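Data first, discussion second: the structure below is written as structure tokens.
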Amino acid sequence: MHLTHAIEGGILTVTLDGGRLNEIGLPMLCALEGVVPLLSRPDVRALVIASAKPGGFSAGADLRELHAGLTSVDGAPEALGAHARALFDTPRTAARAGASTLRAALRRRDPHPLRAAKAWGVRAFLDRVHAAFDAIDAAPVPTIAAVHGVCFGGGFELALACDVIVADKTARFAFPELRLGLIPGFGGIPRLERDLGNSVARDLLFSGRSLSAKRAHELGLVAQLVAEGRAPDVARRLAEQTTRLDPHTLAVAKAFAKPIPRARLREEKDRFVELLGRPAVVEALTRFVEAEDAMPYLPPKDARPAPRGVS
Amino acid sequence: MSARADAVLDRLLALAAERFGKAREALAPEDDLFDALEIDSMQALSLLTALEETFEVEIPDYEVQDVRTFAELAEVVASRL
Chain R
145 MHLTHAIEGG
155 ILTVTLDGGR
165 LNEIGLPMLC
175 ALEGVVPLLS
185 RPDVRALVIA
195 SAKPGGFSAG
205 ADLRELHAGL
215 TSVDGAPEAL
225 GAHARALFDT
235 PRTAARAGAS
245 TLRAALRRRD
255 PHPLRAAKAW
265 GVRAFLDRVH
275 AAFDAIDAAP
285 VPTIAAVHGV
295 CFGGGFELAL
305 ACDVIVADKT
315 ARFAFPELRL
325 GLIPGFGGIP
335 RLERDLGNSV
345 ARDLLFSGRS
355 LSAKRAHELG
365 LVAQLVAEGR
375 APDVARRLAE
385 QTTRLDPHTL
395 AVAKAFAKPI
405 PRARLREEKD
415 RFVELLGRPA
425 VVEALTRFVE
435 AEDAMPYLPP
445 KDARPAPRGV
455 S
Chain C
4 MSARADAVLD
14 RLLALAAERF
24 GKAREALAPE
34 DDLFDALEID
44 SMQALSLLTA
54 LEETFEVEIP
64 DYEVQDVRTF
74 AELAEVVASR
84 L
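Residue numbers (our numbering), protein chains in the order written: chain R, 145 to 455; chain C, 4 to 84.
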């Protein structure tokens, strides 16, 4: 079980409850894909996404799964197709993308051809994440993220896909991806730009720093700031209010007020996958996987960046 | 340590002790805060939130990245007042 859901009074409440802190890997994605179709049901008038984990909303993408996906297949290139099928459950597209990338990597004498190909296999997973997040973003009903505690990386991206973020005072938002040699890959950059503008997006991306709920509220990222532990209640009351309005008018208003930046989303996926094949990313993910700390995002004190052009 | 950091340190120790169930007098300025409070990085993040709220400042994570002691943390907070 990675989430629970219930429909009551026209409100679909999805409560994330998987892994250590709702990491978004294949099991969580499958669970989200299971509830997305409910958004089209006529008796569903609003969506609230909350978390049952005391630590927060979500720590982001499942980096352990990602690391395993990039490093677990050693040996023959033909193992790639089987690996892609097992991990991403999208046999034809993943295997085809992986195989053609592998051929290209071998042609250009890439020192890590299999790793490059596996990175492109991840594309199939990203496509599914984007499809689910886009469906939430474009849902014909109001969608509300009720956030507390940690809301990092992919979790932040899920919250940004919602129409409104209600956060309690413990919430903190961050994109730590650049500390791992990556960029957000679940649509975070285009959606943050849409809501806050590019300068704030750059500050958060380039520093990896986290924003408190209070600061996020001042910036306009958080629509409603509430007392500790109250975000789900307040989100539900807001959802109830929206169910009193005409659903067609709401859908028209939402489509007009919240266009989906599709071209930028596609571009972000491409950039993410390009970065993923680099040895520096695998090394950073390995450090993450081997760390004992709960959030080992910070580089070691003595770490020095590689010169430009060195991966 | 500056007078401003001294004042911050006092409130910081009281806040940390209350938040993580420690006796105020058991915490010393030069203690390693992770060891003294028995906290991990996620709990440290909640301390950061509490400090930002109490002192009405914004403290970027990277400024506390190398901080180990309460006194060092107080200096960072004081630099933002």
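Just so it is clear, CB atoms sit at the ideal spot from N, CA and C, and this is done for glycine as well.
Please read these numbers as outputs of a predicted model, since none were measured by experiment.
Residue from the options whose Cα sits closest to the Cα of residue i
{"i": "C/E59", "options": "C/V80, C/F37 and C/R7", "result": "C/V80"}
{"i": "R/R338", "options": "R/H211, R/T159, R/R406 and R/T157", "result": "R/R406"}
{"i": "R/K413", "options": "R/P320, R/A268 and R/S351", "result": "R/A268"}
{"i": "R/G298", "options": "R/L409, R/D307, R/G325 and R/G332", "result": "R/G332"}
{"i": "C/T52", "options": "R/F300, R/D206, R/A279 and R/H292", "result": "R/H292"}
{"i": "R/A303", "options": "R/G200, R/L207 and R/M145", "result": "R/G200"}
{"i": "C/E61", "options": "R/R208, R/V366 and R/E362", "result": "R/E362"}
{"i": "R/P286", "options": "R/G154, R/A435 and R/R415", "result": "R/G154"}
{"i": "R/F300", "options": "R/K197, R/A379 and R/A205", "result": "R/A205"}
{"i": "R/P403", "options": "R/I280, R/E152 and R/L270", "result": "R/I280"}
{"i": "R/E209", "options": "R/V180, R/G178, R/G364 and R/M172", "result": "R/M172"}
Own chain, CB closer than 6 Å to residue i, minus 5 neighbours either side, in chain order
{"i": "R/K445", "result": "Confidence at R/K445 is low in this model, with a pLDDT of 42, below 50, so the placement of that residue is unreliable and no value is reported for it."}
{"i": "R/L214", "result": "K262 and V426"}
{"i": "C/A8", "result": "A77, E78 and A81"}
{"i": "R/A220", "result": "Legend: pLDDT at R/A220 = 43, less than 50; position of this residue unreliable, value from coordinates given subsequently. Correct list: empty, nothing qualifies."}
{"i": "R/T157", "result": "A150 and V192"}
{"i": "R/A318", "result": "F296 and S354"}
{"i": "R/H211", "result": "L429 and V433"}
{"i": "C/D64", "result": "none"}
{"i": "C/L36", "result": "F73"}
Where residue i falls, given that 16 or more other Cβ within 10 Å makes a residue buried
{"i": "R/S343", "result": "exposed"}
{"i": "R/H392", "result": "exposed"}
{"i": "R/G265", "result": "buried"}
{"i": "C/E21", "result": "exposed"}
{"i": "R/E321", "result": "buried"}
{"i": "R/C306", "result": "buried"}
{"i": "R/R381", "result": "exposed"}
{"i": "R/A315", "result": "buried"}
{"i": "R/M145", "result": "exposed"}
{"i": "R/A360", "result": "buried"}
{"i": "R/A275", "result": "exposed"}
{"i": "R/E418", "result": "exposed"}
{"i": "R/G421", "result": "buried"}
{"i": "C/L84", "result": "exposed"}
{"i": "R/L389", "result": "exposed"}
{"i": "R/V396", "result": "exposed"}
{"i": "R/L224", "result": "In this prediction, R/L224 has a pLDDT of 48, which is less than 50 and means its spatial position is unreliable; nothing more can be read from the coordinates."}
Alpha helix (DSSP H) segment containing residue i, residue limits
{"i": "C/S49", "result": "S44 to F58"}
{"i": "R/Q385", "result": "A375 to T387"}
{"i": "R/C306", "result": "First-last for R/C306: undefined, no H or E at that position."}
{"i": "R/E362", "result": "A357 to L363"}
{"i": "C/L40", "result": "L36 to L40"}
{"i": "R/K351", "result": "The sequence given here places Ser at residue 351 of chain R; Lys does not occur at that position. Where R/S351 is concerned, the enclosing alpha helix (DSSP H) stretches over N342 to S351."}
{"i": "R/T393", "result": "P391 to A401"}
{"i": "R/A371", "result": "Where R/A371 is concerned, there is no enclosing alpha helix (DSSP H), given that its DSSP letter is neither H nor E."}
{"i": "R/T215", "result": "L207 to T215"}
{"i": "R/V188", "result": "No alpha helix (DSSP H) holds R/V188; DSSP gives it neither H nor E."}
{"i": "R/L170", "result": "L170 to V179"}
Integer Cβ distance of residue i from residue j, believed to fall under 8 Å
{"i": "R/L183", "j": "R/A290", "result": "Actually they do not touch by this definition, with Cβ atoms about 17 Å apart."}
{"i": "R/I288", "j": "R/V310", "result": "6 Å"}
{"i": "C/F73", "j": "C/L18", "result": "With a Cβ gap of about 10 Å, C/F73 and C/L18 do not count as contacting."}
{"i": "R/L160", "j": "R/S195", "result": "5 Å"}
{"i": "R/F277", "j": "R/F350", "result": "At roughly 23 Å, the Cβ-Cβ gap does not stay under 8 Å, so R/F277 and R/F350 are not in contact."}
{"i": "R/A190", "j": "R/T387", "result": "6 Å"}
{"i": "R/A424", "j": "R/G325", "result": "5 Å"}
{"i": "R/G162", "j": "R/A175", "result": "7 Å"}
Spatial neighbours of residue i in its chain, beta-carbon cut-off 7 Å, leaving aside the 5 residues before and after
{"i": "R/R374", "result": "D312"}
{"i": "C/S5", "result": "A81"}
{"i": "C/A10", "result": "none"}
Start-to-end residues for the beta strand (DSSP E) that takes in residue i
{"i": "R/V433", "result": "Premise fails: R/V433 lies in the alpha helix (DSSP H), P423 to E434, not in any beta strand (DSSP E)."}
{"i": "R/S202", "result": "G200 to S202"}
{"i": "R/R408", "result": "From DSSP, R/R408 is part of no beta strand (DSSP E) but of the alpha helix (DSSP H) over R406 to L420."}
{"i": "C/E28", "result": "Note, C/E28: premise wrong, no beta strand (DSSP E); not H, not E."}
Sequence-distant residues of the same chain with beta carbon closer than 8 Å to residue i, five excluded per side
{"i": "R/A345", "result": "I333, L336 and E337"}
Test: residue i CB closer than 8 Å to a CB of chain B
{"i": "C/D64", "result": "As a matter of chain content, chain B is missing from the structure shown, whose protein chains are R and C."}
Any non-hydrogen atom of the ligand GTP within 7 Å of residue i CB
{"i": "R/V266", "result": "As presented, the structure is devoid of all ligands, the ligand GTP included, so that no description of it is given."}
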